[in-house]
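**Student:** Residue numbers (UniProt numbering): 1 to 596. Just dropping this structure here.
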């Protein structure tokens with residue numbers, strides 16, 4: 001198996017040449033205070049060293065050893081605690097955090113690259129900083145000044161970690177039926193009682209304290225999701241002077257035995273009158289949580305890219321080294337008993353498909369991160385509102401499409417290895433197992449598709465969709481005279497027109513047919529994702545084309561050829577998806593329960 005290497009060259013290309021991120025940062029005064037091209041490059045370089053040199057070597061052992069539970073205490077795999085200290089010492093937990101409380105204030109466009117490296121190197125470990133960053137986002141946006149001053153500095157530093165407690169045994173997607181209760185105390189705190197499951201890194205030995213953000217209901221709360229509040233519940237209570245006090249009244253009842261990400265602890269947390277403090281307003285907990293969700297759902301999509309990149313690196317090395325049979329056009333290496341399997345069209349199909357999704361997906365995640373930065377930091381209200389709409393529309397696509405294609409890429413990488421891909425020592429089967437969860441947590445991909453189709457498209461009568469369609473239209477118009485892009489502009493325009501037509505079709509159908517949204521949603525998200533990556537590959541081609549002819553490294557010419565493959569072999573999938581969506585819901589809903 002190839003040793004994971006952070007794809008720094010490609011990340012710099014996406015940031016600097018495809019999106020001109022330094023110009024974006026310079027246009028956002030609050031970002032420009034903290035980052036410039038030199039700082040960003042130094043961060044990427046150091047992140048690459050940590051990911052490749054510290055985290056990746058622990059990935060297989062972490063999977064084989066797993067976490068251990070003993071009487072409520074969880075021990076992380078060997079080496080994880082030391083690796084976490086490396087993250088702490090470098091300030092990586094606070095990379096995107098609020099500088100007022102000790103964060104570094106870096107933009108999401110840059111943070112996203114670090115997240116991909118960390119997740120590609122060691123997804124199980126990477127979940128710990130990821131969850132802490134998410135908890136910090138929610139706390140920074142909605143917590144009181146007292147809570148932020150008391151907790152954020154140590155969370156940004158990594159001395160304390162964070163966890164998000166949403167799911168209960170009977171309540172996953174439907175959080176409105178949670179049973180965890182919060183009873184008010186005279187001192188302004190609350191006693192939180194209930195059980196939460198699937199809590200990633202809810203208990204461990206890597207940080208001094210773990211700060212849980214817990215969804216619960218007040219005694220007089222309205223029924224359903226409008227009655228959910230958010231509470232900060234620390235593992236150890238924090239004294240007024242900032243020191244740690246007594247252990248709070250909750251514990252880890254067990255950790256799950258699971259398919260993948262075995263190096264992380266997935267915990268059952270039992271709260272027994274644990275002391276907590278309200279974050280944000282009463283009964284507005286879901287709104288506070290969704291501040292974090294947009295970032296975290298993109299983060300999960302980035303996990304898909306990271307796993308796919310790791311799979312691509314290993315499969316590429318194997319395809320160059322493994323010799324089997326001769327090329328269809330004749331022996332390519334006659335001095336050897338056979339040719340490398342890279343000569344075979346089907347192996348190339350798999351590797352190019354992986355490249356198309358990985359490199360296009362990296363550009364798409366950066367594109368979404370760009371809108372997140374504008375929505376958070378832009379000083380112009382119109383610019384900020386426009387970005388917020390783009391974020392709302394694109395987030396479910398980033399989460400679901402990138403993780404679906406991420407698993408596809410991990411499976412294709414395994415297939416390149418043949419029988420060796422099924423064997424433990426090559427690492428490919430772990431990537432398949434680890435990547436599988438990304439389609440499930442932070443809202444299953446089916447739920448993401450319903451969110452996109454139902455709330456973001458039909459629910460706004462296409463107004464959010466029009467923001468994206470107009471962005472692509474602007475690109476097409478601005479580049480209509482570029483001869484280098486001529487092979488891409490017409491197919492991209494056709495794909496967007498197809499997406500336009502299907503969008504209008506489902507909006508009309510939904511008015512009369514309650515099943516129309518659900519029947520179309522998953523195929524629609526795939527259609528949207530393929531078109532969006534087509535847009536990204538057109539942007540990549542625009543950046544690469546001027547240097548491709550004189551390129552001796554193969555970097556830019558390789559981009560152009562991969563773009564051509566994407567347009568020839570992957571973008572046409574939008575045709576069949578559109579036809580399936582137009583067929584409606586009748587055949588899907590026709591069977592009775594007995595007929596299944």
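Beta carbons are placed, not taken as given, at the ideal position from N, Cα and C, and that holds for glycine. Only a predicted model underlies this, so the values are computations on that prediction, with no experimental measurement involved.
Would you report the Cα separation of residue 459 and residue 232, rounded to the nearest angstrom?
**Tutor:** Taking the first residue of the chain shown as 1, we reach residue 459 at position 459. Taking the first residue of the chain shown as 1, we reach residue 232 at position 232. In a straight line, the C-alpha of residue 459 is about 33 angstroms away from that of residue 232.
**Student:** Between the beta-carbon of residue 115 and the beta-carbon of residue 297, is there less than 8 angstroms?
**Tutor:** For the purposes of this step, residue 115 is identified with residue 115 of the chain shown, where counting begins at 1. For the purposes of this step, residue 297 is identified with residue 297 of the chain shown, where counting begins at 1. Not a contact, by the Cβ cut-off of 8 angstroms.
**Student:** Quick one, are the C-beta atoms of residue 208 and residue 265 less than 8 angstroms apart?
**Tutor:** Here residue 208 corresponds to residue number 208 of the chain shown, with the count starting at 1. Here residue 265 corresponds to residue number 265 of the chain shown, with the count starting at 1. Not closer than 8 angstroms, so no.
**Student:** Please report the distance separating the alpha-carbon of residue 434 from that of residue 302.
**Tutor:** Taking the first residue of the chain shown as 1, we reach residue 434 at position 434. Taking the first residue of the chain shown as 1, we reach residue 302 at position 302. One C-alpha to the other measures close to 13 angstroms.
**Student:** Excluding the five sequence neighbours on either side, which residues of its own chain have a C-beta within less than 6 angstroms of the C-beta of residue 333, listed in chain order?
**Tutor:** On the chain shown, residue 333 is found 333 positions in, with the first residue counted as 1. 339, listed in sequence order.
**Student:** Does DSSP put residue 444 in a helix, a strand or coil?
**Tutor:** Taking the first residue of the chain shown as 1, we reach residue 444 at position 444. Coil at residue 444, not helix or strand.
**Student:** Between residue 402 and residue 365, which are expected to be in contact by the criterion C-beta below 8 angstroms, what is the C-beta distance as a whole number of angstroms?
**Tutor:** What you label residue 402 is simply residue 402 of the chain shown in a count that begins at 1. What you label residue 365 is simply residue 365 of the chain shown in a count that begins at 1. Indeed, because the Cβ distance is near 7 angstroms, the residues count as touching under 8 angstroms.
**Student:** Are the CB atoms of residue 530 and residue 573 within a distance shorter than 8 angstroms?
**Tutor:** Taking the chain shown and counting its residues from 1, one reaches residue 573 at position 573. Taking the chain shown and counting its residues from 1, one reaches residue 530 at position 530. Yes, Cβ-Cβ distance for residue 573 and residue 530 is below 8 angstroms.
**Student:** Apply the 10 Å Cβ neighbour rule to residue 448 and answer buried if 16 or more other Cβ atoms are within range, or exposed otherwise.
**Tutor:** Taking the chain shown and counting its residues from 1, the one referred to as residue 448 is at position 448. The residue is buried, with at least 16 neighbouring Cβ atoms inside 10 Å.
**Student:** Using a Cβ-Cβ cut-off of 8 angstroms (strictly less than) and excluding sequence neighbours within five positions of residue 582, which residues of its own chain qualify?
**Tutor:** Taking the chain shown and counting its residues from 1, one reaches residue 582 at position 582. 502, 505, listed in sequence order.
**Student:** Rounded to whole angstroms, how far is the Cβ of residue 103 from the Cβ of residue 307, which I believe are closer than 8 angstroms?
**Tutor:** In the chain shown, residue 103 corresponds to position 103, counting from 1. In the chain shown, residue 307 corresponds to position 307, counting from 1. That pair is no contact at about 27 angstroms.
**Student:** Run the CB neighbour count on residue 73, radius 10 Å, all protein chains shown included, and call it buried at 16 or more, exposed below.
**Tutor:** Sequence index remark: in the chain shown, residue 73 carries index 73 (1-based). It counts as exposed.
**Student:** Exposed or buried, what is residue 422 when buried is set at 16 or more other beta-carbons lying within 10 Å of its beta-carbon?
**Tutor:** As a working mapping, residue 422 is identified with position 422 in the chain shown. Burial call: exposed.
**Student:** Across which residues does DSSP place residue 212 in a beta bridge pair?
**Tutor:** Taking the first residue of the chain shown as 1, we reach residue 212 at position 212. Bridge partners of residue 212: 163, 233.
**Student:** Quick one: what's residue 276 bridged to in DSSP?
**Tutor:** As a position in the chain shown, residue 276 is number 276, starting the count at 1. 190.
**Student:** Thinking C-alpha only, which one of 198, 234, 162, 467 is nearest residue 189?
**Tutor:** Position 189 of the chain shown holds residue 189. With distances taken between Cα atoms, residue 189 lies closest to 234.
**Student:** Which term fits residue 328, buried or exposed, when burial requires 16 or more other beta carbons within 10 angstroms of its beta carbon?
**Tutor:** As a first step, residue 328 is located in the chain shown; it is residue number 328 there, counting from the start. Classification of residue 328: exposed, given that the 10 Å Cβ count is below 16.
**Student:** In chain order, what are the residue ranges of uninterrupted beta strand (DSSP E) at least 3 long that sit wholly in the segment 233 to 317?
**Tutor:** Counting only runs of 3 or more, we get 236 to 238, 244 to 247, 250 to 255, 266 to 279.
**Student:** So which of 213, 186, 437 has the shortest CA-CA distance to residue 152?
**Tutor:** Along the chain shown, one-based indexing puts residue 152 at 152. Answer by Cα proximity: 213.
**Student:** State the start and end residues of the unbroken beta strand (DSSP E) segment that holds residue 70.
**Tutor:** Translated into positions along the chain shown, residue 70 becomes position 70. Per DSSP, residue 70 belongs to the beta strand (DSSP E) from 68 to 70.
**Student:** Measuring only between beta-carbons, confirm whether residue 510 sits less than 8 angstroms from chain C.
**Tutor:** Protein chain content of the structure displayed is limited to a single chain, and chain C is not contained in it.
**Student:** With a threshold of 16 other CB atoms inside 10 Å of the CB of residue 311, please say whether the residue is buried or exposed.
**Tutor:** By one-based count along the chain shown, residue 311 stands at place 311. Buried.
**Student:** Give me the DSSP bridge partner(s) of residue 182.
**Tutor:** For this step, residue 182 is matched to residue 182 along the chain shown. Beta-bridge pairing links residue 182 to 192.
**Student:** How is residue 171 classed by DSSP in three states: helix, strand or coil?
**Tutor:** By one-based count along the chain shown, residue 171 stands at place 171. In the structure shown, residue 171 sits in a strand (DSSP, three-state: E or B).
**Student:** With a cut-off of 8 angstroms on the beta carbons, I'd call residue 409 and residue 354 a contact; round off their distance for me.
**Tutor:** As a working mapping, residue 409 is identified with position 409 in the chain shown. As a working mapping, residue 354 is identified with position 354 in the chain shown. Going by Cβ atoms, the distance from residue 409 to residue 354 rounds to 4 angstroms, so yes, they are a contact pair.
**Student:** Take every Cβ of the segment 551 to 558, pair it with every Cβ of the segment 380 to 388, and state whether three or more of those distances are shorter than 8 angstroms.
**Tutor:** Short answer: they don't touch.
**Student:** Is residue 457 closer than 8 angstroms to residue 465 when the C-beta atoms are compared?
**Tutor:** For the purposes of this step, residue 465 is taken as residue 465 along the chain shown, with counting starting at 1. For the purposes of this step, residue 457 is taken as residue 457 along the chain shown, with counting starting at 1. The answer is yes: Cβ separation under 8 angstroms.
**Student:** If we count Cβ pairs, one from each stretch, closer than 8 angstroms, do we get three or more for the segment 157 to 170 versus the segment 91 to 107?
**Tutor:** Flag = yes, the segment 157 to 170 and the segment 91 to 107 touch.
**Student:** Take residue 318 and list the residues in its own chain whose beta-carbon comes closer than 7 angstroms to its own, dropping the five residues that flank it on each side.
**Tutor:** Sequence index remark: in the chain shown, residue 318 carries index 318 (1-based). Only 416, 417 meet the Cβ criterion.
**Student:** Given 8 angstroms as the limit, is there contact between the segment 180 to 187 and the segment 49 to 61, that is, 3 or more CB pairs closer than that?
**Tutor:** The segment 180 to 187 vs the segment 49 to 61: no contact.
**Student:** Taking the beta carbon of residue 196 as the centre, do at least 16 other beta carbons fall within 10 Å, making it buried, or is it exposed?
**Tutor:** Mapped onto the chain shown, residue 196 falls at position 196. Flag for residue 196 reads buried.
**Student:** Where do the N-terminal and C-terminal ends of the beta strand (DSSP E) with residue 594 fall, by residue?
**Tutor:** Locating residue 594 in the chain shown gives position 594, where the first residue counts as 1. Note, residue 594: premise wrong, no beta strand (DSSP E); not H, not E.
**Student:** Locate the beta strand (DSSP E) running through residue 425, then write down its first and last residues.
**Tutor:** Counting from 1 along the chain shown, the entry for residue 425 is found at position 425. It is not in any beta strand (DSSP E) - residue 425 carries neither H nor E in the DSSP assignment.
**Student:** May I have the straight-line CA-CA distance separating residue 480 from residue 559, to the nearest angstrom?
**Tutor:** Taking the first residue of the chain shown as 1, we reach residue 480 at position 480. Taking the first residue of the chain shown as 1, we reach residue 559 at position 559. Straight-line Cα distance between these residues: approximately 20 angstroms.
**Student:** My output table needs one value for residue 74: the three-state DSSP class, helix, strand or coil.
**Tutor:** Position 74 of the chain shown, counted from the start, is the residue given in the question as residue 74. Strand, per DSSP.
**Student:** With residue 12 as the anchor, note down where its alpha helix (DSSP H) starts and where it stops.
**Tutor:** Here residue 12 refers to the residue found at position 12 when the chain shown is read from its first residue. It spans 8 to 12 - the alpha helix (DSSP H) in which residue 12 sits, taken as one unbroken run.
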